[in-house]
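Engineer:
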Amino acid sequence: MADEEFIVVIGLEVHCQLDTASKLFCGCSADFRADAPNTHVCPVCLGLPGAMPVLNKKAIEYALKVAKALNCRIPEEGEFCRKNYFYPDLVKAYQITMGDNPLALGGYIEIEDDAGNPKVVNLTRIHVEEDPGRLVHMGNKERGHYTLVDYNRSGIPLIEMVTEPELSSPKEARRLLNKLRATLEYLDVFDPEKEGSIRVDANISIKGHERVEIKNISSYKGVEKALTFEITRQKNLIRRGGTISRETRHFQEGKGTTTSARSKEVANDYRYFPEPDLPVIRVSDWVEKIALPELPDARRDRFMSQYGIAVNHARTLTGDLHLAEFYELVAPVGAQIAASWVADILIGELNYRDMPLSKVTSHADQFKELIILVRDQKITDKAGVEVLRVWLDSLQTEGAPESPAGIVARLGLTRESGESFRGIVEKILAENPQPAADHKAGKKGALNFIVGQVMKETKGKSDPREIHAMIAEILGE
Amino acid sequence: MNDIYNAYLNTDEIPGSKTGSLAGVRVSIKDNISTKDIETTCASKILKGYIPPYDAHVVTLLKAQGAVIAGKTNMDEFGMGSTTENSAFGPTLNPRDVTRAPGGSSGGSAAAIAGGLVSMALGSDTGGSVRCPAAWCGIVGLKPSYGRVSRFGLIAYANSFEQIGPMAANVRDAAKLFSVIAGHDPKDSTSVNKPCDGNVVPEISGKTIGIPKEYFGEGVDAGVAAQVRKAIGKLEELGAKIVDVSLPSMKYALPAYYVTCTCEASSNLGRFDGVRFGPEPEMNLPWHDAYTKVREAGFGGEVRRRILLGTFALSAGYYGKYYVKAQHAKQLIAKDFAAALQTCDMLAGPTMPNIAPKIGELTADPLQMYLADILTVPVNIAGIPAISVPCGTAHGMPVGLQLMGRMFGEETILNAALAFEEAV
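Those sequence lines, one after another, are chains A and B.
The numbering of the first sequence is our numbering, which starts it at 1 and goes up by one.
The numbering of the second sequence is our numbering, which starts it at 1001 and goes up by one.
(1) Grab me the residues of B/Asn1159's own chain with a C-beta within less than 6 Å of its C-beta, minus the 5 sequence neighbours each way, in chain order.
(2) Is A/Ile474 buried or exposed, if buried means 16 or more other CB atoms sit within 10 Å of its CB?
(3) Using beta-carbon positions only, say whether B/Met1167 and B/Ala1121 come within less than 8 Å of one another.
(4) Would you call the CB atoms of B/Lys1072 and B/Ile1029 closer than 8 Å?
(5) How about A/Val212 and A/Arg174: are their beta carbons less than 8 Å apart?
(6) Does the CB of A/Pro88 have a neighbour CB from chain B at under 8 Å?
(7) Spell out the partners DSSP gives B/Lys1241 in its beta bridges.
(8) Assuming B/Val1171 and B/Leu1375 make a contact with CB atoms under 8 Å, what is their CB distance in whole Å?
(9) CB-CB under 7 Å to A/Ile309, same chain, minus the five flanking residues each way: which ones, in chain order?
(10) Going along the chain, which residues of the stretch 1287-1311 of chain B sit with their C-beta nearer than 9 Å to a C-beta in chain A?
(11) Relative to the alpha-carbon of B/Gly1426, which residue among B/Ala1297, B/Gly1349, B/Asn1006 has its alpha-carbon at the smallest distance?
(12) Considering only C-alpha positions, which residue in the set B/Val1424, B/Cys1196, B/Arg1306 is nearest to B/Arg1148?
(13) Rank A/Cys16, A/Tyr307, A/Glu172, A/Lys461 by C-alpha distance to the C-alpha of A/Val128 and give the top, closest one.
(14) For a test of the three-state rule: what should DSSP assign to A/Asn486, helix, strand or coil?
(15) Thinking B/Ala1070 and B/Arg1026 are a contact (beta carbons under 8 Å), I'd like their distance in whole angstroms, please.
(16) Spell out a yes or no on whether the stretch 1319-1329 of chain B and the stretch 1254-1273 of chain B are touching, meaning 3 or more CB-CB pairs, one atom from each, closer than 8 Å.
(17) Are B/Leu1314 and B/Tyr1323 closer than 8 Å when you measure CB to CB?
(18) Once you ignore the five residues that flank A/Lys264 on each side, which residues in its own chain have a CB closer than 7 Å to its CB?
(19) In whole angstroms, give me the CA-to-CA distance for B/Lys1187 and A/Lys57.
(20) Could one say the Cβ of B/Glu1077 lies closer than 8 Å to chain A's Cβ atoms, at least one of them?
(21) Which residues in the same chain as B/Val1424 place their Cβ atom closer than 8 Å to its Cβ, once the five residues preceding and following it in sequence are excluded?
(22) What are the residues of the stretch 63-85 of chain A that lie near chain B, defined by any Cβ-Cβ distance shorter than 8 Å?
(23) A/Asp201 lies in the beta strand (DSSP E); which residues open and close that run?
(24) Looking only at DSSP bridge pairs, what is B/Asp1097 linked to?
(25) What does B/Gly1153 touch in chain A if you count any residue whose Cβ is under 8 Å from its own?
(26) If we count the other Cβ atoms within 10 Å of its Cβ and call it buried at 16 or more, is A/Ile471 buried or exposed?
(27) Taking A/Gln17 as part of the beta strand (DSSP E), name the residues at either end of that continuous run.
(28) Counting only beta-carbon separations shorter than 8 Å, does A/Ala93 have a partner in chain B?
(29) For chain A, check one thing: does any of its Cβ atoms lie closer than 8 Å to the Cβ of B/Leu1314?
(30) Going by DSSP in three states, A/Asp365 sits in which element: helix, strand or coil?
(31) Hey, does B/Tyr1054 have any beta-carbon neighbour from chain A nearer than 8 Å?
(32) Starting from A/Pro404, trace the beta strand (DSSP E) both ways and give me its first and last residue.
(33) Taking 7 Å as the limit between beta carbons, can you name the residues of its chain near A/Leu227, skipping five residues before and five after?
(34) I'd like to know whether the C-beta of B/Ile1014 is nearer than 8 Å to at least one C-beta of chain A.
(35) Please list the terminal residues of the continuous beta strand (DSSP E) segment that includes B/Lys1143.
(36) Whole angstroms is fine: what's the gap from A/Gln366's alpha carbon to A/Ala343's?
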């Protein structure tokens, strides 16, 4: 069976923790990650008998911001309800969530498809709900000695965003998540740096076959991996003549595989009904008052018009709030060169080091100094990259970082004019006659080898364009 | 304390103080109201040993007014029953005739007052649980308007119906206790800002009292009906205008009530799994089996029956047939009451259709027990306030006159009840 006969359909349910100061239904602090288990708890989030929920308005305000930013329709009334099921991390044996009357309906997110064309992915709904506690298994899963429960997370506000099944590939899913993350960050309602702050359930099917749900994937990378694995598994099964059964599967982060969940866990009837302890929420007046900041797409368009940079650069730079802010800080040294140095070079170097951008943002002046050195041709591009590397390393060590100018001086990386390298160029041409011969025979790019050798010999202090010109001159062209 | 009626589950007292409107007054608390550092069981084995780390809002208010917290009273397990026989710790006896039940589910509170052990107590009323034992023990009991008293700390049975209510030997004491517990509490999102100053005056003259014909229909004991008619005659004598009214939707009251309250109960009681309180589960079992064992052993028969009924009514395919229909009926009933109370200042009728049953008489047949709530349940569905005040005896046992008021109109029915009490 040819591959194009497999049409992949993906829908996501994305849960993000809203970055409020307190929990959704009580006054307990939501900033629990650094603290001992069961220290951010009270009768309400422990589900003690008689305790009652009181809605944290900030969480609703945050969720409304998201709904507005994602172009949703916001009904007059939203209603909390109970989703009933037993599980040791669920204190009340029900989760307060929203059912038939969620906070927002519809809406859409714009992404690029795998060919780079704009694609609109529609949303089904957005609602707010409480996070359960967390189980900590002692020993391994197969032969655990016992399980501990930490209720610090119990009652943390979550926003659940459900997409229509309109995504066609794991990469699209990843892009949607990135876009969503950026939007939430721009709205200042979500902190992606916090562990477990995003969790995704993915529905995936191959057209004409049953749908499988992959539950509780806790990273962006994990979503892409889980979906990729699942597509391969399903395709192989279909090729072998098997049938896909409608089931829930768990993603094994470490192995990058999915495994079938026990059917007992899936056969839940959640018995939804309205939460009698919380009045219906009326949001229409509220929605009017919510002002939205500039969002990623608007900022991307502004970057293109204001700084005249290319769409790819603009998209990358605005895909992360802090990156966009950093770029705007650096752009005065030259919008184009700054875009290229931030989007093409800095990000790669940071990723390579697994270093957060925040380490650099507090030393933006030194980064600007580096770009100015390159812009004013005091050092070559290649030397600039080397200076950047040394500088980034110095940022990760104790004490004040070494300034780019200082690094240039210490390593002797100041750009020198091509004339001073004439001897080296002549020597390398003499030692390597073949490339010049190839070049004369009309082979394109044959001289790149010579240029590379010269660059190596001059430790990057020479400008490749100058060297090219000099070789041409020596060869009598 | 010589608790010969088994009115108490716990007689620990917390001393009061010398200041406040209840300075030094002993007030007993129904055992479904959380009391800090005092075991609170809802008369259930599943909460045996549970000591709340916090006070219910009403208990905080009582303490602030100097009241002595005078023990925790017996009840039907989780409030599920009308006789206080469904207690895991044995039935409470009716001080007026110890071969009879005191009514329920706040039977311990009513018996403690009727037996002279305490002058005031708190009960809770989900479908009549304050008014029924008040009527059967011959004391006063008030079910406040929904939202007027904070439910924070009241261990929920059916959230959308219940209110904590004052019980006392006379109307003035009931009003005083009510004035302490009424008012807004930000910890209960359904609570409203309607405090009460507690100043009751005997006042009935010129008021219009509606008599719903359904309150004297089939199943109402002739002796009880005669006493209540006599009481209504007394109200007329005192200057009230008596008019006939009808509440046609009342026939839906019991089904709507039992569907909604079992649904809510099935969800509320899910948390009793042995993990954080109550008897410890068996650690060597898978969690699902351990939960099942704890719940099987910990809940009594009536509680299990209501959990199963509610679970069934909420399950896929039945929700629309039961829960949704019950909410629709609730609206119709509330509309009937609102219409009647537009022309009338209050409605009057018997609190209970019968006198207190013999111990064991009602528990044998749950359906008979449910039917006993027919005259109290509609008030909880409508959310309005109602008071039961003693009005003589039938067959040698107390009969309660029920006065039902407009939403947040507690003062009007308290004043009327006081006028009646002083006149007889």
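Just so you know, even glycine gets a beta-carbon here, dropped at the ideal spot from N, CA and C.
Structural biologist: In short:
(1) Glu1264, listed in sequence order.
(2) exposed
(3) yes
(4) yes
(5) no
(6) Yes, contact with chain B.
(7) Paired residue(s): B/Thr1208.
(8) That pair is no contact at about 20 Å.
(9) Phe303, Ala335, Gln336, Ala339
(10) Trp1287, His1288, Tyr1291, Gly1310, Thr1311
(11) An answer regarding residue 1426 of chain B cannot be provided, because it is not within the stretch 1001 to 1424 covered by chain B.
(12) B/Cys1196
(13) When A/Cys16, A/Tyr307, A/Glu172, A/Lys461 are compared, the shortest CA-CA separation from A/Val128 is found for A/Cys16.
(14) The structure shown does not extend to residue 486 of chain A, since chain A is modelled only from 1 to 477, so the question has no answer here.
(15) 4 Å
(16) yes
(17) At a Cβ-Cβ threshold of 8 Å, B/Leu1314 and B/Tyr1323 count as neighbours.
(18) Note that A/Lys264 scores 48 on pLDDT, short of 50, meaning its location in the model is unreliable; the coordinates nonetheless yield the value given after this. Closer than 7 Å at the Cβ level, and outside the excluded window around A/Lys264, lies no residue.
(19) 14 Å
(20) no
(21) Excluding residues up to 5 positions away in sequence, Ala1231, Lys1234, Cys1391, Gly1392 lie with their Cβ nearer than 8 Å to the Cβ of B/Val1424 in the same chain.
(22) For the stretch 63-85 of chain A, the set of positions with a beta-carbon nearer than 8 Å to some beta-carbon of chain B reads Arg82, Asn84 in chain order.
(23) 198-206
(24) Beta bridge pairing from DSSP links B/Asp1097 with B/Asn1094.
(25) Gly50, Ala51
(26) Buried, by the Cβ-count rule.
(27) 8-17
(28) yes
(29) Yes, because at least one Cβ of chain A sits closer than 8 Å to the Cβ of B/Leu1314.
(30) helix
(31) yes
(32) Note, A/Pro404: premise wrong, no beta strand (DSSP E); alpha helix (DSSP H) at 404-411.
(33) Ile10, Pro170, Ala173, Ala202, Ile204.
(34) Not closer than 8 Å to any Cβ of chain A, the Cβ of B/Ile1014 fails to qualify, so no.
(35) 1140-1143
(36) 17 Å
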